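Here the sequence shown is numbered in the working numbering, starting from 612 and rising by one per residue.
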Amino acid sequence: MKKQNILFIILLSFMVGLLSCAAPTKIVDNSMREIRYVSGLIHRIERNEVELSDGSKWRLNRFLVTSNLSEVLIVLFEDRLQGFMYVNGIKYFLEPQAQSLGIDIDTNQDYLSRKNLGYLTIIKSIDMNVGTITLFGGTEWRISGFYQDVVKDWKEGSDIIISDDYTWAINLETYTKAEIKLLTSRY
């Protein structure tokens, strides 16, 4: 009986160890907000209404002046179809035109599930001498050496997305992407 208990404890410990290695670790600090995002191209513009190359139509909070085929990055908050997009480094708040998506405006899990998952946050500081960025929540990230030249135009206070696997950062204002690695976290 005692031997069976010991074997059971060893087996249980082994399984817990395997599960902890397989499960992704949530390191979201208090400055990160879960979002869905998608990049695309502008197909058509009419005042404050934009149609993207995927056929979706969005209403912006103000008129948009840019050319067709401009690259955009749309950020959707949590499980809602509301958020903002960056065009030429300028932020526009948006909501979908329901008839273009064929959905209820409040939420649509199928449409949202086709978008990338990530975490929206803000850069607190950048140290290009050692190649790190610090976020408002206190986490510090190393920028891969190959990408340090890419991020030279990043600025403190810029909105960025950290990918859901915590390996990439995307600067929303400059449309640049860099490989990153977590160095320190308070969580």
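We put the CB at the ideal spot given by N, CA and C, even for glycine. Source: prediction; values computed, not measured.
> What first and last residue would you give for the beta strand (DSSP E) that runs through Lys766?
Replying inline: Unbroken run through Lys766: none, as it is neither H nor E.
> Comparing the CB of Glu767 with every heavy atom of the ligand HEM, is any distance shorter than 7 angstroms?
Replying inline: Among the ligands in the structure shown, none appear at all, so the ligand HEM cannot be discussed.
>> What would DSSP say about Phe757, mapped onto helix, strand or coil?
In response: It is helical.
> In its own chain, which residues sit with a C-beta less than 6 angstroms from the C-beta of Arg658, not counting the 5 before and 5 after it?
Replying inline: Phe674
> Using a Cβ-Cβ cut-off of 8 angstroms (strictly less than) and excluding sequence neighbours within five positions of Asn699, which residues of its own chain qualify?
Replying inline: Thr677, Ser681
>> Three Cβ pairs or more, each shorter than 8 angstroms: is that satisfied between the region 683 to 698 and the region 777 to 792?
In response: yes
> So is Val741 buried or exposed if we call it buried at 16+ other beta carbons inside 10 Å?
Replying inline: exposed
>> Taking the beta strand (DSSP E) that Asp738 belongs to, which residues open and close that run?
In response: 727 to 738
> What is the rounded straight-line gap between the Cα of Trp752 and the Cα of Ser650?
Replying inline: Taking the Cα positions, Trp752 is about 24 angstroms away from Ser650.
> For the candidate residues Asp738, Lys763, Thr745, Glu662, whose alpha-carbon lies nearest to that of Lys706?
Replying inline: This sequence places Glu at residue 706; Lys is not what is there. Ranking the options by Cα distance to Glu706, first place goes to Glu662.
> Are the beta-carbon atoms belonging to Phe704 and Ile646 less than 8 angstroms from one another?
Replying inline: Their beta carbons are not under 8 angstroms apart, which means Phe704 does not touch Ile646 by this criterion.
> How close, in whole Å, do the beta carbons of Ile737 and Ile744 come, if the pair is a contact with beta carbons under 8 angstroms?
Replying inline: 5 angstroms
>> Given this structure, state the Cα-to-Cα distance separating Met643 from Ile656, to the nearest angstrom.
In response: 32 angstroms
> How many angstroms separate the CA atom of Asn679 from the CA atom of Ser774?
Replying inline: 28 angstroms
> For Lys668, which beta-bridge partners are listed by DSSP?
Replying inline: Glu662
>> Need the endpoints of the beta strand (DSSP E) that Phe695 sits in, please.
In response: 694 to 698
>> On the CB-based measure, 16 or more other CB atoms within 10 Å of its CB, does Ile701 come out buried or exposed?
In response: Within 10 angstroms of the beta-carbon of Ile701 lie fewer than 16 other beta-carbons, which makes it exposed.
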